[in-house]
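Counting in the numbering used here, the sequence shown runs from 116 upward without gaps.
Cβ atoms here follow ideal geometry from the backbone N, Cα and C, with glycine treated the same way.
Just below is one structure, and these are the notes that go with it.
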Amino acid sequence: MKKYFSLVLFAHSIFALPFAMIGFFLGVTTTENPFQWQKLLLVLLCMVFARNSAMAFNRYLDRNIDAKNPRTKMRDIPAGKVSANEALIFVITNCILFIIATYFINSLCFYLSPIALFVVLFYSYTKRFTALCHLVLGLGLSLAPIGAYIAVTGQFALVPVLYSFAVLFWVGGFDIIYALQDEDFDREENLHSIPSSVGIKNALNISIVLHVFSAACVIAPIFLMPNSFSWVYYIGVAFFCFALIYQHLLVKPNDISKVNKAFATTNGMASVVFAVCFLVDAYIRNNA
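What follows is the structure, given as structure tokens:
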């Protein structure tokens with residue numbers, strides 16, 4: 116179990132999971148659908164199974180590339196900690212468990228589950244033919260809030276879609292920052308990324324634009340749902356926006372030494388604090 120947790124970097128679930136909770140409790144607090152512990156557990160299981168499938172498949176598909184890259188050659192498969200076949204079996208098992216879990220949520224989630232799996236698995240191929248791979252990664256994680264909302268309500272709605280766009284632009288932006296580390300390697304191996312295509316300076320500018328869009332998407336619900344948020348949500352929005360700005364202060368075109376701090380620490384805190392503020396705000400409003 117320990118080696119599989121290492122394979123899928125379980126800690127990275129901190130990016131999408133808080134937004135899944137936002138989508139879930141948005142469905143509970145803004146519609147007539149009641150809170151159900153069983154449904155919450157199923158949503159959490161779906162998040163784990165989807166994350167396991169996506170991450171392990173990425174490690175499986177990129178095993179030869181990772182072996183060449185000095186930054187990634189000690190990952191589990193190139194280092195021999197997990198075999199390629201073990202990783203593939205792990206992927207298939209988690210895909211099956213994901214579909215089974217959606218079956219017990221509602222019919223719409225079940226019917227959409229193959230599409231969701233396709234998106235999160237397809238990302239691993241994209242760096243081979245498009246620099247937009249960062250946005251495909253963002254698209255995969257952006258399914259969390261709308262998926263959790265559908266789990267509660269069985270239907271789509273505008274506000275959870277906005278949170279999905281917030282995740283798409285946020286993840287796409289910080290994945291560009293993360294990819295700065297491999298700019299030269301990607302170019303040498305004919306792999307596609309925005310840094311290897313346009314250079315570090317232009318890549319950072321694109322990342323800034325994406326993060327501006329992300330900030331706009333977490334602000335927009337305030338206007339679409341007037342009088343539905345309190346000062347606690349505003350604090351969450353302010354912190355999220357500050358985290359977006361802060362990571363761009365950490366990483367500069369002539370100094371990318373703090374990429375990991377910007378990628379993991381700052382973005383992990385951004386999602387958790389924003390989600391906590393949303394949930395506290397929802398609790399206050401529903402118990403006022």
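query                                                                                                                                          : result
Going by Cα to Cα distance, which pick from Ile211, Trp346, Ser279 and Ile360 is closest to Met136?                                            : Ser279
Whose CA, out of Asp299, Arg186 and Val163, lies closest to the CA of Phe205?                                                                  : Val163
Which full runs of the alpha helix (DSSP H) of 4+ residues lie inside the segment 345-387, going along the chain?                              : 346-365
Quick check: what's the CA-CA separation for Ile371 versus Gly195?                                                                             : 30 angstroms
Mapping DSSP to helix, strand and coil, what is Ser228?                                                                                        : helix
Quick check: what's the CA-CA separation for Ala335 versus Leu277?                                                                             : 8 angstroms
Figure out for me which residue from Val324, Thr145, Ala216 and Val158 has the closest Cα to the Cα of Phe401.                                 : Rather than Phe, the amino acid found at residue 401 in this sequence is Asn. Ranking the options by Cα distance to Asn401, first place goes to Thr145.
For the segment 130-205, list the alpha helix (DSSP H) runs that are entirely contained and at least 4 residues long, ordered along the chain. : 132-145, 152-176 and 178-183
Specify the secondary structure class of Lys316 as computed by DSSP and reduced to three states.                                               : helix
Name the residue from Val235, Tyr240 and Glu147 whose alpha carbon lies nearest to the alpha carbon of Asp177.                                 : Tyr240
For Gly253 versus Gly287, is the C-beta spacing smaller than 7 angstroms?                                                                      : yes
Considering only the beta carbon of each residue, do Ser198 and Ala246 sit closer than 7 angstroms?                                            : no
Using the C-alpha atoms, what's the distance from Asp181 back to Arg190?                                                                       : 7 angstroms
Quick check on Ser308: does DSSP put it in helix, strand or coil?                                                                              : coil
By a C-beta neighbour count over all protein chains shown, 10 Å radius and 16 as the cutoff for buried, is Arg174 buried or exposed?           : buried
Assign Gln362 to buried or exposed, taking buried as 16 or more other Cβ atoms, counted over all protein chains shown, within 10 Å of its Cβ.  : buried
Under 7 angstroms between the Cβ atoms of Ile220 and Leu157?                                                                                   : yes
Here's the rule I'm using: 16 or more other beta-carbon atoms within 10 Å means buried, otherwise exposed. How should Glu298 be labelled?      : buried
Could you spell out where the alpha helix (DSSP H) holding Ala263 opens and where it closes?                                                   : Cys248 to Thr268
Between the C-alpha atoms of Asn179 and Thr187, what's the straight-line distance to the nearest angstrom?                                     : 10 angstroms
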